[in-house]
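In the numbering used here, the protein residues as written are 816 to 1492.
For every residue, glycine included, the Cβ atom is placed at its ideal position computed from N, Cα and C.
This report concerns only the one structure given below.
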Amino acid sequence: MTPKILFTHRSRRQLIRASIYTCLCVYFLLPTGVQAASQYNLKQERALFEQAEHAIKLGRLTRYRRLKAKLTGYPLLPYLEYARLKRHLPQRSANEIHAFIHKYSDTPLAPRLLQNWLQTRAQVNDWRGLVDNYFINDSRSLRCQYSRALYETGATGHANLITQALWLSGRSLPRSCDKPIARWREAGQLSPELLWQRIHLSMQKGNVRLTRYLGKMLPRDKRFWVAIWEKVRRDPDYLLEVSQHFHERAPDVLRWIAVYGLRRLAARDPLLAAQYWHTLQQQFPFTHHEQGRIERRLVLNLVRDDSDRARQWLSKMKLSHLSSDLVSAYILTSIRDQDWQSALDWLNRLNPQQQHSERWRYWRGRVLEAMGRLEEARDVYLLDAETRGYYSFLAADRIGNRYHFAHRPLIFSNTELDDIRNLPGILRARELYALKRMPDARREWDYTIKRMNKAQLLKAAKLADQWGWHDRAIVTLAQAHYWDDLKLRFPLAYQQQILTQAKKQGINPAWAFAIIRQESAFTSDVRSDAGAMGLMQLLPRTARRMARFMRIPMHNRRALLNTSTNIKLGIGYLKKINDRYHGHPVLATAAYNAGGRQVKRWLPEEKTIPADLWIELVPFKETRNYMKRVLTYTVIYEQRLGQSPVSLQDRMWPIPASQPQRLSAHPVPRACLENCT
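Shown next as structure tokens:
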């Protein structure tokens, strides 16, 4: 027997053994074995990916290419290419950038790389490259660089138009705008009218530094207007004094200052602002738009002042036009004053769409009930009580109905989810999520779902929930406008930690869940523009105080991104607020959002008022919506946790006055009536 024949026989025996082994594996071990092998391969690939990234950072490109060759088909290959191109980006050619964009056009990396590359063109004076490859985007800095590139390449007319549009802003511009604006001014494009327009925009924004800077460009005999504006900004009383010197010949700039000053004063002292408005509108030829801006600010602030003088001004005001929010304000002030017929008349002035909204249906029911028209009120409440939500729950309470939760879960088989699971963008998002690169993971997910139809969005939401990625499940369901899967919309993430801390601090765990759901939607690494961090959106200074009080180590602000630390400190802070307001659910919730100082300002002066009305009268829309959502979410989370939901009626105690004439007979704890202020 020749070696060749021997090799053949051995190969056959080996093949038979291998086939038998494979069949046994398939028969006995397929579900777990394949899954385990797949997980092992993914772990290997993730490790190789991170090694390749590290090689790029060190500039070891030979090692990078060797590692990349082992990652054929790995979802995050575009991120390696992106990292390689980002290294020495100013030296990259347009062809390299466009090759990447062409290959990876379905990723959020493509526009990001192009924008980053365009920003480097100014560094290397590649003005033609910037002009030829520019695309419209949100970066003002890049738009300024584009404008400069147009000047540098001789497209002066186009550059002038773009620079003028950039100029007309009430905000300070990036430093990259300095040179194109200098060229624009040298070309004689800055007219007195354009200078005054920007000063006006800057005044409207209250931008002191920019207004001063622009004021220096005015002729010397006009610069005093900026000083007048600053003085009115500090002391709105000065407005009446300075206006007396001009009468009907007042220049436009004084009218702008008057609008700014009146709106500012209306927020501080609406009664004084109304008095000034009565005088100044006879003196200045305010435009229709300016009248509307002043009247809106005045009315919305007068409505929240429950004094007799405020009522007199509201009754005397002759409005130039009625916007929907002004009609809303008059409805609410009529309800507060128990002028039911007036409230009904104002309700009838809403447009048909508003009249059929849950909000105004509920308040129509409240007005009809107060007028003794009980059958009509019941019919209105029944309409609202058929759905799930803040006004629906309130309406159900008025007629003694049970709450309508209407949980309709999304049910998909694994096969049905495969068409979403295997999309390149979803595969990339999954890998980034597994590597805990959350900002990139969210960008990838959001970029991918933007192009999905409703059916695909629902599957994607279900998939995200299966991964435990609750914030993307919530966001994706909202994009699909599907509100009925309560398990996905109101997850019980971090359940044991929240239940443990809530029990320790003696607060309702459903309230803690509701706060987290509203604050961060369970996004553990989120940071707000105001600097609040983590699941419960704690400000670092608040967290440090709580950490000292609770004796919890907090070495730096990044500790707030640790879910355990954030939950402990956040629930501890809820306990502190809850104690301060003596368990008043509405006031404590408002204080968590807006702070105790604001809540004190918003309390009624003399009379206790119903909580549902007080919420509507809070001047900040964000806080109004926040309270409504948290109160509603608390009910839903009680149901999710298997508790018997407490009705909103029992939760929304009347709001005590800041200066009560006598203790109210309403069922508010005496301690709250005396100390909640």
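- Of the candidates W982, P905 and L976, the residue whose Cα lies closest to the Cα of L945 is P905.
- Within the same chain, and ignoring the five residues on either side of K1422 in sequence, the residues whose Cβ sits closer than 6 Å to its Cβ are A1472.
- Nearest neighbour of A1270 by Cα position, chosen from A1256, W1260, Q1310 and L1232, turns out to be L1232.
- One Cα belongs to K1020, the other to G985, and the distance between them is close to 6 Å.
- The three-state reading of DSSP puts I1424 in strand, counting E and B together.
- DSSP, reduced to helix, strand and coil, places L1353 within a strand of the structure shown.
- From the listed residues W1161, G1107, R1112 and W1155, the smallest Cα separation to H1136 is found for G1107.
- By the criterion of a C-beta distance shorter than 7 Å, L1292 is surrounded in its chain by A1276, D1300, L1303 and R1304, once the five residues flanking it on both sides are discounted.
- Looking from the CA of R1266, the closest CA among V1450, A937, I1241 and A1249 belongs to I1241.
- Excluding residues up to 5 positions away in sequence, Y1053, L1054, I1072 and G1076 lie with their Cβ nearer than 6 Å to the Cβ of V1047 in the same chain.
- For M1018, the three-state secondary structure derived from DSSP is helix.
- Under the criterion of beta carbons closer than 8 Å, L882 and L857 do not qualify as touching, at roughly 16 Å.
- Taken in chain order, the whole alpha helix (DSSP H) runs of length 4 or more contained in the region 946 to 1005 are 955 to 967, 971 to 982 and 993 to 1001.
- The DSSP-derived three-state label of R1366 is coil.
- In this structure, the CA atom of L1005 is about 10 Å from the CA atom of R998.
- The shortest C-alpha to C-alpha distance from Q1316 to any of G1349, E1334 and Y1388 is the one to Y1388.
- Apart from the 5 residues on each side of it in sequence, T922 sits with its Cβ closer than 6 Å to the Cβ of P893 in its chain, given in chain order.
- With a beta-carbon spacing of about 4 Å, L1080 and A1088 fall inside the 8 Å limit used to define contacts.
- Of the other Cβ atoms in all chains shown, fewer than 16 fall within 10 Å of the Cβ of F950; this residue is therefore exposed.
- Looking at D1140, R1416, W1128 and N1381, the one whose alpha-carbon comes closest to that of H1093 is W1128.
- Assignment of alpha helix (DSSP H) within the region 1162 to 1198, counting only whole runs of 4 or more residues, yields 1167 to 1170 and 1173 to 1185 in chain order.
- For M1348, the three-state secondary structure derived from DSSP is strand.
- Below 8 Å, too few C-beta pairs join the region 1429 to 1443 and the region 1283 to 1298 to call them touching: fewer than three.
- V1290 has its alpha-carbon roughly 32 Å from the corresponding atom of H913.
- Along the region 1380 to 1440, the alpha helix (DSSP H) occurs as fully enclosed runs of 4 or more residues at 1400 to 1409, 1411 to 1417 and 1426 to 1432, listed in sequence order.
- S956 and Q930 have their alpha carbons spaced roughly 11 Å apart.
- In the structure shown, I1470 falls within a strand segment according to DSSP collapsed to helix, strand and coil.
- The residue from D1394, L1402, W1044 and Q960 with its alpha-carbon nearest to that of P1419 is L1402.
- Counting along the chain, I1043 sits inside the alpha helix (DSSP H) bounded by residues F1039 to R1049.
- A residue is called buried when at least 16 other Cβ atoms come within 10 angstroms of its Cβ; S1172 does not meet this threshold and is exposed.
- In this structure, V1142 keeps its C-beta atom at 8 Å or more from the C-beta atom of W1155.
- DSSP places R1108 in the helix class (H, G or I) of the three-state scheme.
- Collapsing the DSSP output to three states places R1217 in coil.
- In the DSSP annotation of this structure, the continuous segment of the alpha helix (DSSP H) that includes Y1091 starts and ends at P1085 to L1095.
- Taking all protein chains in view, the Cβ of T1102 is surrounded by fewer than 16 other Cβ atoms within 10 Å, so the residue is classified as exposed.
- According to DSSP, R1342 shares a beta bridge with M1348.
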